[in-house]
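Notes for the one structure printed next.
There are 2 protein chains.
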Amino acid sequence: MIIRPATPADHASISRIVLPVIRAGETYALDRGMSEEAALAYWCGADRFTSVAQAHDGAILGTYYLRQNQQGGGAHVANCGYMTAPDATGKGIARTMCLHSLSEARRRGFRAMQFNFVVSSNTRAVGLWKSLGFAEVGCLPLAFDHPLLGFVDALVMFRTLEMEPAPGTA
Amino acid sequence: MIIRPATPADHASISRIVLPVIRAGETYALDRGMSEEAALAYWCGADRFTSVAQAHDGAILGTYYLRQNQQGGGAHVANCGYMTAPDATGKGIARTMCLHSLSEARRRGFRAMQFNFVVSSNTRAVGLWKSLGFAEVGCLPLAFDHPLLGFVDALVMFRTLEMEPAPGTA
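And the structure:
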């Protein structure tokens, strides 16, 4: 699998990943009924850098975006969103994309990464982000209306991008 | 003082309030160099309800916006921003605007209000929001690059809009 920048030629593949997640409405605070055009405008907007994870056979297995989370004095903190194709979950694709995004954010000079709204019932994502060094720095009480579970908390997760010491250094 | 919806005729007054705050760069995560046009597009955008606080002599003393903080499953939480004219601070205008915004948010059916990014060094604002029932539900470590203080924390603040029991009810 490689991770590479998305191009307009990837839009159909991105839609096939993003739309079912939006329609389910269980993990992203986006309008479940938004059009494909609006979903692509969101995911591939001019304010963000969008990538795809591509298998050796050419299939697009996942996609993520990276953007500045705030302007001005908050411009040193990145924000990302990740989605994996429904038939490709459980294979470490989100983990690989997140590691890629952390490197990419560092390369672009960001000093930290923040997830603004991790739905607490999405325990797989919460566990994955924690395993990748993100701390839960905030809890938004009942801030997400889950279509099956009703109101659940959303978490704010954060990690710095300071370089870790290389193995063997003090 | 009355609080009323902003109209295009208020834009010059709103600019006189908003631009110095943006240029100072100490309290909002916005680009300090943004144009007046961009500042007005932000503050009075189609996605938000913008009000002004007007003195009896007609002077505009403050302005605030109210919007949905997230889409979809997060659409029941409101978000606001408030700014007071430089020569009108310390007179309770922000408090009056916040109380107005809480009522307005309730009237529009929101169930909670969230401030995403309260700069921790803005202690007057932090104290005011706490006095109005907001809790600090998150702390974004060193997420704001203050032009004088360097990197400081930003706070996430939140309160429900559940109706308080009327006096005398159990």
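First to last, the protein sequences are chains V and U.
One gets this note's numbering by counting positions in the first sequence from 1 and adding 12 to each.
One gets this note's numbering by counting positions in the second sequence from 1 and adding 12 to each.
Note that the Cβ used here is the ideal one computed from N, Cα and C, for glycine as well.
Buried versus exposed call for residue i [16 or more other C-beta atoms within 10 Å across all chains shown]
i          : result
Thr-181(U) : For Thr-181(U), the predicted structure reports a pLDDT of 49, less than 50, and the residue's modelled location is therefore unreliable. A value from the coordinates is still provided. Looking at its Cβ environment, which holds fewer than 16 other Cβ atoms inside 10 Å, Thr-181(U) is exposed.
Pro-32(V)  : exposed
Ala-53(V)  : exposed
Thr-62(U)  : buried
Leu-152(U) : buried
Gly-70(V)  : exposed
Ala-41(V)  : buried
His-8(V)   : No information on residue 8(V) is available, as it lies outside the stretch 13 to 182 that chain V covers here.
Gly-104(U) : exposed
Thr-135(U) : exposed
Gly-102(V) : exposed
Ala-97(V)  : buried
Ala-24(U)  : exposed
Leu-173(V) : buried
Leu-160(U) : exposed
Gly-162(U) : exposed
Ser-143(V) : exposed
Distance CB(residue i)-CB(residue j) smaller than 8 Å
i          : j          : result
Ala-106(V) : Leu-73(V)  : no
Ala-117(U) : Leu-78(U)  : yes
Phe-122(U) : Gly-86(V)  : no
Gln-83(V)  : Arg-16(V)  : no
Ala-155(V) : Val-89(U)  : yes
Ile-29(V)  : Cys-56(V)  : no
Leu-140(V) : Met-125(V) : no
Val-131(V) : Thr-75(V)  : no
Integer Cβ distance of residue i from residue j, believed to fall under 8 Å
i          : j          : result
Val-149(U) : Phe-170(U) : 4 Å
Met-13(V)  : Thr-108(V) : 7 Å
Ala-51(U)  : Ile-34(U)  : 6 Å
His-158(V) : Ser-133(V) : 6 Å
Interface flag, residue i vs chain A, CB-CB below 8 Å
i         : result
Leu-78(U) : No chain A is part of this structure, whose protein chains are labelled V and U.
Where the alpha helix (DSSP H) through residue i begins and ends
i          : result
Gly-139(V) : 135 to 143
Element boundaries [beta strand (DSSP E), containing residue i]
i          : result
Met-109(V) : Unbroken run through Met-109(V) is the alpha helix (DSSP H), 105 to 119; no beta strand (DSSP E).
Ser-27(V)  : Not the beta strand (DSSP E): Ser-27(V) falls in the alpha helix (DSSP H), residues 23 to 36.
Leu-52(U)  : Unbroken run through Leu-52(U) is the alpha helix (DSSP H), 48 to 55; no beta strand (DSSP E).
Pro-153(V) : 147 to 158
Arg-171(V) : 162 to 172
Gln-126(V) : 124 to 131
Met-95(V)  : 89 to 96
Thr-80(V)  : The amino acid at residue 80(V) is misidentified as Thr; the sequence shows Gln. Element bounds for Gln-80(V): 72 to 80.
Ala-41(V)  : Counting along the chain, Ala-41(V) falls outside any beta strand (DSSP E), and DSSP gives it neither H nor E.
Thr-183(V) : As displayed, chain V neither begins before 13 nor continues past 182, which places residue 183(V) out of reach and without an answer.
Pro-17(U)  : 14 to 17
Segment contact flag, the stretch 19 to 38 of chain U with the stretch 155 to 166 of chain V, C-beta cutoff 8 Å, min 3 pairs | no
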